[in-house]
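Below is one structure, written out as structure tokens, with a few remarks after it.
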Amino acid sequence: MIPLFPCILLQFFLAFTVPTIPSASCEKDTIYEILRAHGLPMGLLPKGITHFDVDEAGRFEVHLDQACNAKFESELHYDRNVSGTLSYGQIGGLSGISAQELFLWFPVKGIRVDVPSSGLIYFDVGVVFKQFSLSLFETPRDCMAVRSSEFDVGIQDGKLIAEAVAKSQYMNLRNDIEQKYFGRDVL
């Protein structure tokens, strides 16, 4: 049997000489806390995310159980995997989020919070920045599950509608030109 005093002395010595190792009971920050620490609203990602990775450079990857849509001022689609690079007030190199405008879906390539006092946030959807009120993203939203085939059909429907509108505008323009220059009606 080991005497009690040397065990207490050994524990005391180890407590001051061995670096502290975080215990398994210490909780890891949530992705929502990480967003907040980077000056971003927690509601940029939907509720219920528990699987994610973030490295020292700010690169992150979020894993959802399934693809889903969340309703804000417009609708956002989240793929099963969302990734990007965090820096203070913005996310760059974003993939896995799409924003709906009318019937069309546009991939969101980046997100930037304007001066926080302005209350604005910008989504980079390629050729333009879509502006939203920052207050829309204060808290994570419920996300309705959507099969990727439904989303793909939505994208295809949006493309078909855009093509039909373009064709209609082309036909109207052609008709106007022919009436003006040739003085005849075209059916």
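All the letters of the sequence shown, read from the start, carry residue numbers -26 to -1, 1 to 161 under mature numbering (1 follows the signal peptide of the UniProt record, and there is no 0).
Backbone N, C-alpha and C fix where the C-beta goes; we use that ideal spot for every residue, glycine too.
In three-state DSSP terms, what is residue i?
i, result
"residue 162", "In the structure as shown, the chain starts at -26 and stops at 161, and residue 162 therefore has no counterpart that could be examined."
"residue 121", "coil"
"residue 63", "coil"
"residue 42", "strand"
"residue 19", "coil"
"residue 68", "strand"
"residue 139", "Caution is warranted here: a pLDDT of 46 is assigned to residue 139, below 50, making its placement in the model unreliable, and no coordinate value can be reported."
"residue 9", "helix"
"residue 110", "helix"
To which residues does DSSP link residue i through a beta bridge?
i, result
"residue 73", "50 and 80"
"residue 105", "96"
"residue 3", "According to DSSP, residue 3 bridges with nothing at all."
"residue 115", "None; residue 115 has no bridge partner."
"residue 27", "35"
"residue 56", "36"
"residue 87", "95"
Beta-carbon within less than 6 angstroms of residue i's beta-carbon, same chain only, minus the 5 sequence neighbours each way: which residues are those?
i, result
"residue 44", "20, 50, 115 and 117"
"residue 29", "none"
"residue 26", "5 and 36"
"residue 88", "94"
"residue 103", "96"
Measure the beta-carbon distance from residue i to residue j and round it to whole angstroms, keeping in mind my assumption that it falls under 8 angstroms.
i, j, result
"residue 112", "residue 17", "6 angstroms"
"residue 57", "residue 70", "6 angstroms"
So, for residue i: in the same chain, excluding its five sequence neighbours on each side, which residues have a beta-carbon less than 7 angstroms away from its beta-carbon?
i, result
"residue 93", "107, 108 and 109"
"residue 140", "Only weak support exists for where residue 140 lies, its pLDDT of 48 falling under 50; the value from the coordinates is given anyway. Nothing listed; no residue qualifies."
"residue 80", "72, 73, 99 and 100"
I want to check one thing, is the minimum distance from the CB of residue i to the heavy atoms of the ligand NAP below 6 angstroms?
i, result
"residue 99", "Absence of the ligand NAP from the depicted structure is noted, as is the absence of any ligand whatsoever, leaving it without description."
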